[in-house]
Structure formats: structure tokens, C-alpha cells
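Residue numbers (this note's numbering): 1 to 188. Note that beta-carbon positions come from the ideal geometry of N, C-alpha and C, so glycine has one too. Because the structure is a prediction, the values reported are computed rather than measured. Accompanying notes for the structure given below.
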């Protein structure tokens with residue numbers, strides 16, 4: 001079956017519709033699934049600062065992988081999603097974390113969605129510090145506002161709770177400096 005390479009964006013309503021659908025398929029198969037979501041899907045659903053996301057950065061708990069793959073394929077077909085709509089690449093940057101602070105975002109009958117706390121998400125955005133078109137800078141700005149961060153020391157205290165500051169290179173240092181400028185502070 002030929003698939004289009006177009007990436008179907010998922011807004012908050014579509015994400016919730018997909019999660020409802022997944023729960024129903026899990027229930028039919030008597031499966032329980034726990035998923036932790038990161039990145040754009042969090043920013044779209046929790047912070048409302050993005051109209052949509054192209055994928056769901058996530059990690060699954062241990063589950064019957066063959067059944068889950070069938071359910072995910074069915075979901076992809078039903079919602080006409082791109083091949084990479086589920087992105088587990090987040091596993092690699094998570095290896096750099098000193099700790100994870102997760103909280104429950106939403107609970108269904110057979111499906112539980114966790115998300116990292118805002119502080120952890122901010123530390124991950126600073127570590128990634130990808131250039132545009134990645135949304136790390138905008139996301140970090142929103143998270144700093146949400147967490148009332150006004151000084152570089154406050155930011156670095158949060159970042160150091162989750163990642164070793166030795167991992168910060170020139171890209172991350174410039175990212176922090178420009179983040180301070182955009183927030184209206186001098187973080188030289």
C-alpha cells in the first residue's frame with residue numbers, strides 16, 4: 001500500500017481523539033498501556049503554545065509488543081497518520097538525564113499517559129538546543145515564563161537537577177544567553 005510522505009499534523013483535539021481510540025483498542029484486547037509523552041505533543045496539549053505536532057515523542061511500558069504494534073498500525077490507518085507518527089527516538093537523550101520526574105497527565109480505563117514535569121522538560125529543551133525549525137527555543141521560553149524563571153542561576157539550578165552541566169557546550173550556552181535576552185534579562 002503506497003503511503004503519502006505528507007506528515008499529518010495532530011492538534012490537541014486530534015491527539016485526544018487518538019488517545020481515546022487507543023484506549024478502546026487496548027480495552028478490546030484486554031491490555032493496559034502506560035506511555036510517557038515528551039516534546040511537541042506536551043507543548044501542544046498542556047501549554048497550548050503550538051497549534052499542532054507532527055509526531056508523538058514517547059516511551060511505552062513493557063507490553064505485548066506484537067499486539068501493541070497491531071493496535072498502533074490500526075490507529076495509523078484510521079487517522080491517516082504518517083509512518084513516523086510514533087517517535088521513540090527520545091530514548092537516546094533520556095540517557096543523559098540524572099533523574100526523571102514524571103506526573104500523570106491523563107488516565108483512561110486501559111491507558112495511562114505520563115509527562116515529565118515542566119522543570120525536566122525545560123532541562124531537556126536546553127540540552128537539545130536545536131536550531132529552527134525545531135521549536136526548542138520557543139518551548140524553553142514558554143516553560144521559563146510558566147516557571148517564573150528570571151535569572152540564569154535559577155535556570156541553571158533547574159537544568160543541573162536533570163542533566164550534568166558538563167554536557168552544556170557552546171550551542172547550549174548561546175541558547176541560554178539568547179533565551180535570557182528574549183525574556184528581557186541579561187544572562188551573559
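What does the alpha-carbon distance come out to for the pair residue i and residue j?
i: residue 30; j: residue 116; result: 27 Å
i: residue 179; j: residue 166; result: 19 Å
i: residue 83; j: residue 35; result: 19 Å
i: residue 135; j: residue 40; result: 8 Å
i: residue 20; j: residue 108; result: 8 Å
i: residue 162; j: residue 181; result: 23 Å
i: residue 79; j: residue 88; result: 19 Å
i: residue 188; j: residue 173; result: 9 Å
i: residue 177; j: residue 153; result: 12 Å
i: residue 16; j: residue 144; result: 26 Å
i: residue 92; j: residue 59; result: 11 Å
i: residue 61; j: residue 114; result: 11 Å
i: residue 157; j: residue 74; result: 44 Å
i: residue 95; j: residue 49; result: 27 Å
i: residue 71; j: residue 164; result: 38 Å
i: residue 133; j: residue 171; result: 15 Å
For residue i, which residues of its own chain have a beta-carbon under 8 Å away from its beta-carbon, when the five flanking residues on both sides are left out?
i: residue 67; result: 29 and 31
i: residue 9; result: 51, 52, 53 and 54
i: residue 175; result: 126, 129, 136, 137 and 140
i: residue 25; result: 71, 74 and 75
Indicate the three-state DSSP secondary structure (helix, strand or coil) for residue i in the structure shown.
i: residue 102; result: strand
i: residue 116; result: strand
i: residue 75; result: helix
i: residue 46; result: coil
i: residue 38; result: strand
i: residue 87; result: strand
i: residue 20; result: helix
i: residue 182; result: helix
i: residue 57; result: strand
i: residue 33; result: strand
Among the residues of its own chain, which have a CB less than 6 Å from the CB of residue i, if the five just before and after it don't count?
i: residue 125; result: 136, 139 and 140
i: residue 101; result: 117 and 120
i: residue 149; result: 155
i: residue 99; result: none
Excluding the five sequence neighbours on either side, which residues of its own chain have a C-beta within less than 7 Å of the C-beta of residue i, listed in chain order?
i: residue 160; result: none
i: residue 22; result: 71, 75 and 111
i: residue 85; result: 55, 56 and 76
Rounded C-beta distance between residue i and residue j? I'm assuming under 8 Å.
i: residue 192; j: residue 97; result: The shown model of the chain, from 1 to 188, leaves out residue 192, and the question about it has no answer.
i: residue 142; j: residue 47; result: 5 Å
i: residue 13; j: residue 44; result: With 8 Å as the limit, residue 13 and residue 44 do not qualify as a contact, their Cβ atoms being about 10 Å apart.
### Any beta strand (DSSP E) of 3 or more consecutive residues that is wholly inside the region 132-175
none
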